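In the numbering used here, the protein residues as written are 25 to 102.
Where is the CB? At the ideal position from N, CA and C, for every residue including glycine.
The structure presented is a predicted model; accordingly, all values stated were derived computationally and were not measured.
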């Protein structure tokens with residue numbers, strides 16, 4: 025039960041960053057070449073959500089859902 029609650033909390037805070045990355049895509053309304061990277065991270069986050077609740081693949085789910093957060097850090101640093 026505690027692990028499911030942790031997974032849900034993890035999804036909420038990583039989902040916020042995934043939405044943050046998707047804001048330029050939503051503002052433009054189109055998929056230009058420079059936004060393909062952002063869309064890729066959103067797709068990886070969604071795949072990670074499905075893997076997160078699979079017992080055998082949960083570790084990969086945690087990794088894929090944290091990728092938008094790491095991407096946002098690199099945006100702010102560089």
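Residue i, DSSP secondary structure in three states
| i | result |
| --- | --- |
| residue 83 | helix |
| residue 77 | coil |
Contact with chain B by residue i, beta-carbon distance below 8 Å
| i | result |
| --- | --- |
| residue 74 | Checking the listed chains, one finds no chain B in this structure; it contains a single protein chain. |
Residues near residue i by beta carbon distance below 7 Å, same chain, minus five either side
| i | result |
| --- | --- |
| residue 71 | 88 |
| residue 81 | 75 |
Supposed contact pair residue j and residue i - C-beta distance, whole angstroms, cut 8 Å
| i | j | result |
| --- | --- | --- |
| residue 74 | residue 92 | Actually they are not in contact, since the Cβ atoms of residue 74 and residue 92 sit about 15 Å apart, beyond 8 Å. |
| residue 90 | residue 38 | 6 Å |
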